[in-house]
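Read the structure below first, then the notes.
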Amino acid sequence: MDVAAGEELSKGYAFLEEGSLAQAREVLEQAMAFNFENSEIRFAYWCCSYWVDFIQGLPKLEAYEQGDGLVARWKSFKPDYESHKDFQQKAVYALQRGVFKHALKAYSLVKDEGPTAQRADLLRKKGLCYKKLGEYESALNMLSEAYRLSPQSAAILAEMADCLALCGEEKNAKVLFREAFFVDAQRVELEFLDSELICCLIRQVKEKGYTGAVLQEWIPVYGVLYGVFNVKRELRTQEAGRLRQEIFAKENEIKDPSNDSKILVPKLINMYFWLIDHYARSNEGRAKINECLLQIRVHNEDIYRMYTK
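Residue 301, in this note's numbering, is where the sequence shown stops; the numbers in between run on with no holes.
Dropping the structure here:
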């Protein structure tokens, strides 16, 4: 890359980080004039073109709509940039900072009021923005407050776990990731998770051919089998009783051919993993553990063998 093109590209990255997409596009056009064949410049320009009209249209929206719109568009943008032939992480990082600066600014204009669940979700979204900006302490402060308001939110638990993993606190991260997928695997937004701890696991499960909602349910199963979800907590007596009831209900559901066994099977297996851990910790006898293992074997022989080897 010649000097002039490199200088314009650096200016373009700086504008991307500020969220100034129109200015970024202008200088990247100049950079392409100097070196059109450069894949890094082409990709950065493509990123600008993908976002510039949307960013310019933000003032027409209410603050909450701005934030949600930016976050939703980033979610759909991720598979597009990952599959792009000229993909460059540096451009994505710069753009990510710009987009989530805009989103955080928008969410900060929203009044922290209304129902508890709504307030918790706003705090979660602010925490996500701080995380994407690399401000992990601020992110954890927001997410901790969100958790205080809504301790059974899988989305909040997963974001807290991701932040902790990014901060090097793997033990606590593993506990919270396992909890999040146990509470409701479908509510965990995989697209926004960044730590290698969970992203590596997601890639491994994807390689087995799972996608969508089915992928979400298999992640905690393989998290246990691969030793990622190996830091566990004890179930309270009330939780254990509720878990047994849920397992009974799911076993009945799976007998109905109209229900989706592809989702129910991994969900059940994960429930059995939790119940086995409970029985092992509470010394309730090997017989109950064997009953769980038998049911896992009925549902999936391969998982049974991996778990018991």
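Backbone N, C-alpha and C fix where the C-beta goes; we use that ideal spot for every residue, glycine too.
1) Relative to the alpha-carbon of residue 186, which residue among 178, 19, 175, 169 has its alpha-carbon at the smallest distance?
2) Quick one: residues in its chain with C-beta nearer than 7 Å to the C-beta of residue 245, no 5 flanking neighbours on either side, listed in chain order?
3) Mind pulling the alpha helix (DSSP H) runs of 4 or more residues that sit fully within the region 17 to 54?
4) For a minimum of 4 consecutive residues, which ranges assigned as the alpha helix (DSSP H) are wholly contained in the region 128 to 179?
5) Less than 8 Å between the C-beta atoms of residue 217 and residue 270, yes or no?
6) Secondary structure at residue 253, three-state DSSP: helix, strand or coil?
7) Measure from the alpha carbon of residue 222 to the alpha carbon of each residue in 162, 283, 36, then state which is nearest.
8) Looking only at C-alpha atoms, which of 99, 5, -2, 214 sits nearest to residue 259?
9) DSSP on residue 227, reduced to helix/strand/coil?
10) Let's see if you can read the secondary structure: which residues bound the alpha helix (DSSP H) around residue 189?
11) Just curious, the alpha helix (DSSP H) that residue 81 is in, first and last residue?
12) Restricting to Cα atoms, I'd like to know which of 50, 220, 100, 12 is closest to residue 197.
13) Is DSSP giving residue -2 helix, strand or coil here?
14) How would you call residue 11, buried or exposed, if buried means at least 16 neighbouring beta carbons within 10 angstroms?
15) Where does residue 30 land, buried or exposed, given buried means 16+ other C-beta within 10 angstroms?
16) Who are the Cβ neighbours of residue 39 in its own chain at under 6 Å, not counting the five residues just before and after it?
17) Relative to the C-alpha of residue 57, which candidate in 67, 99, 44, 68 has its C-alpha closest?
18) If you reduce the DSSP assignment to three classes, tell me which class residue 113 lands in.
19) I'd like to know whether the C-beta of residue 229 is nearer than 8 Å to at least one C-beta of chain D.
To lay it out plainly:
1) Mapped onto the sequence shown, residue 186 falls at position 194. Ranking the options by Cα distance to residue 186, first place goes to 169.
2) Your numbering for residue 245 matches position 253 in the sequence shown. Here the set comprises 251, 256.
3) DSSP runs (the alpha helix (DSSP H)) wholly in the region 17 to 54: 31 to 48.
4) Whole alpha helix (DSSP H) segments, 4+ residues: 128 to 141, 146 to 158, 162 to 176.
5) The residue you call residue 217 lines up with position 225 of the sequence shown. The residue you call residue 270 lines up with position 278 of the sequence shown. Result no, Cβ atoms of residue 217 and residue 270 do not sit closer than 8 Å.
6) Taking the first residue of the sequence shown as 1, we reach residue 253 at position 261. Secondary structure of residue 253 (DSSP, three-state): helix.
7) Locating residue 222 in the sequence shown gives position 230, where the first residue counts as 1. Nearest option by C-alpha distance: 162.
8) To locate residue 259, count along the sequence shown from 1; it is residue 267. Comparing Cα-Cα distances from residue 259 to each of 99, 5, -2, 214, the minimum goes to 214.
9) Walking along the sequence shown from the start, residue 227 turns up at place 235. Here residue 227 sits in coil by DSSP.
10) The residue labelled residue 189 in the question sits at position 197 within the sequence shown. Residues 188 to 198.
11) The residue labelled residue 81 in the question sits at position 89 within the sequence shown. 81 to 100 is the span of the alpha helix (DSSP H), which, as asked, contains residue 81.
12) The residue labelled residue 197 in the question sits at position 205 within the sequence shown. It is 220.
13) On the sequence shown, position 6 is the one that residue -2 refers to. Of the three classes helix, strand and coil, the one that applies to residue -2 here is helix, per DSSP.
14) Here residue 11 is taken as the residue at index 19 of the sequence shown, counted from 1. Buried, since its Cβ has 16 or more Cβ neighbours within 10 Å.
15) On the sequence shown, position 38 is the one that residue 30 refers to. Classification for residue 30: buried.
16) Here the question's residue 39 lines up with position 47 in the sequence shown. Taken in chain order, the residues that qualify are 83, 87.
17) As a position in the sequence shown, residue 57 is number 65, starting the count at 1. Residue 99 is the option with its Cα nearest to residue 57.
18) Walking along the sequence shown from the start, residue 113 turns up at place 121. Three-state DSSP puts residue 113 in a helix.
19) Included in the structure is just one protein chain, with no chain D present.
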